[in-house]
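The listed protein sequences correspond, in order, to chains A and B. The numbering of the first sequence is my numbering, which starts it at 7 and goes up by one. The numbering of the second sequence is my numbering, which starts it at 39 and goes up by one. Glycine included, every Cβ here is placed at the ideal spot set by N, Cα and C.
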Amino acid sequence: AHSFAVPLPSEDKDNFLLAEKYLRRFYGLPAGLQGRQRSAGALESKIKEMQKFFKLKVTGNLDDNTLELMKQARCGVPDIGE
Amino acid sequence: YNHFPRHLKWQNNEVTFRIVNYTPDLKKADVDRAVRKALNVWSDVTPLIFKKLHQGNADIMISFGSMEHGDHNPFDGPNGLLAHAYPPGQGIGGDTHFDEDEHWTKDSSAYNLFIVAAHELGHALGMSHSTDPGALMYPVYSYTTGYPLAEDDIEGIQALYGPNPNPKKVKPKPDAPNKCDPMLSFDAVTELRGETIIFKDRFYWRLHPQMPEPEQTMIKSTWPSIPNKVDAAYENPEKDVVIIFSGIRMWALNGYNLVDGYPKYIHKLGLPKKIRKIDAAVYIRDTGKTLLFADEDYWSYDEATGTMDSGYPRAIEDDFPGMDDEIDAAAYHYGYLYFFHEQMQYEYSYNSRKVIRIMRTNSILNC
């Protein structure tokens, strides 16, 4: 489980914001903050969905492979969902 | 492959399209040609016919725009999002938008308009994103040459519209190899700055010591100028160079970059002219020699002097007891040579001069 109580170092924060934006656009991560605990769970499950789609190791964490893929040029159509 | 929910598709096989505006990056005729060629990719394998309109509302309206461009689905400036398209339907359905903040080209120097258009028009016809990294409908951009559709793409679009009644001769790309396929063999294995790179068909897996899950990528998306098929590869860590062999040519890579002056002929290493292909290559860090394997023989190349050692070729089975078959790939780690041949890999101990372990080739990929 992730804890956001400790302030993230700025690079982590950038990566976190990149991931949030990516997952919101391509994997239907709900917009807005719905309470810290629930959004952490939603984020982790969306990371897993994205890792499964790209055949990465499904960890639910923002590991290097996952972040590197999120930074690649790509099509703007969502990968899943309506 | 995937379709959009409810398998959205055009109900009529004649689909109209219109190019509403143009990018200044390319001549108008180049944009027209890229779009027509992209549409033909899909019409070649389906009954679909595309009719160009020069005014009015077409099924597929094609345009270039930056940031917010009228559909409340903004682009994001250079890189990142390149384009998007909407599934078949009325109104915005089928419409295809390209990010004008990208640089559009006809080659690999920036984003190739034909490749991106072929992908987006796949969406405009009802295809969603594919999980196959070799498919045109894979969401991440990669530059490729030759016929753009993979078998996966053709299967997907024909599941919506059926095949072309007058099929054109097409040569789809094979789908990406499955790392845990028990019949998997490797084309080449090399180290690259602490990672292990395994080549198979037009793909490679990248193994990082701390990342047990290998990442599969297309060769051309990382090294556009080397061939889609690698026969052998080795790293010379002292020079921070990876040498790639394909046919009678070799390329030198320094990370992502091609070293000037390459490709060169493999015979420059001192191999006889009759050798047309190298099966495997491996750098032995302890001796500073690179072993080059072809058929039943091998050569020893001295990296320091840049010359082939005398007394070669020698028979593999004479110097490596237990290895009496051809070799697909070879790697060297801490005094052990790993010979890969078809579905098996042989761990050979230099010190005891014998094969001490036999494993499946893809055990290195955690299978």
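Bridge pairing for residue 325 of chain B: absent [DSSP]. With a threshold of 16 other beta carbon atoms within 10 Å, residue 71 of chain A meets it and is buried. Assignment of residue 80 of chain B by DSSP, reduced to helix, strand and coil, places it in the helix class. Counting only runs of at least 3 residues, the region 283 to 337 of chain B fully encloses the following beta strand (DSSP E) elements, listed from N- to C-terminal order: 287 to 292, 318 to 322, 327 to 332. DSSP lists B/165 as the bridge partner or partners of residue 41 of chain B. Nearest C-alpha to residue 204 of chain B among B/73, B/81, B/353, B/47: B/81. Note on geometry: alpha-carbon atoms of residue 322 of chain B and residue 363 of chain B lie some 21 Å from one another.
For the region 58 to 78 of chain A, the set of positions with a beta-carbon nearer than 9 Å to some beta-carbon of chain B reads 58, 59, 60, 61, 62, 63, 64, 65, 69, 70, 71, 74, 75, 77, 78 in chain order. Within the DSSP bridge table, the entry for residue 137 of chain B names B/103 as partners. Within the same chain, and ignoring the five residues on either side of residue 269 of chain B in sequence, the residues whose Cβ sits closer than 6 Å to its Cβ are 283, 284, 315, 316.
Beta-bridge partners of residue 393 of chain B (DSSP): B/386. Distances from the alpha-carbon of residue 22 of chain A to those of A/69, A/61, A/80 put A/69 closest.
Judged by beta-carbon spacing, residue 174 of chain B lies within the 9 Å limit of residue 160 of chain B, meaning their Cβ atoms are closer than that value.
Annotation for residue 375 of chain B: no alpha helix (DSSP H) segment contains it, though the beta strand (DSSP E) segment containing it runs 374 to 379. Between residue 63 of chain A and residue 169 of chain B, the CB-CB gap reaches or exceeds 9 Å. For residue 113 of chain B, no alpha helix (DSSP H) encloses it, and the DSSP letter there is neither H nor E. Under a criterion of Cβ atoms nearer than 9 Å, the residues of chain A adjacent to residue 169 of chain B are, in order, 58, 59, 60, 61, 85. Closest option to residue 183 of chain B, judged by alpha-carbon separation, among B/360, B/232, B/147, B/252: B/147. In summary, no residue of the region 16 to 36 of chain A has a CB separated from any CB of chain B by less than 7 Å.
Taking the Cα of residue 94 of chain B as reference, the smallest distance to any Cα among B/359, B/191, B/58 is reached at B/58. The beta-carbon separation of residue 124 of chain B and residue 137 of chain B, rounded to 15 Å, does not stay under the 8 Å limit for a contact. Taken atom to atom, the span from the alpha-carbon of residue 373 of chain B to that of residue 329 of chain B is near 14 Å. The beta carbon of residue 73 of chain B does not come within 9 Å of any beta carbon belonging to chain A, so the residue lies off that interface.
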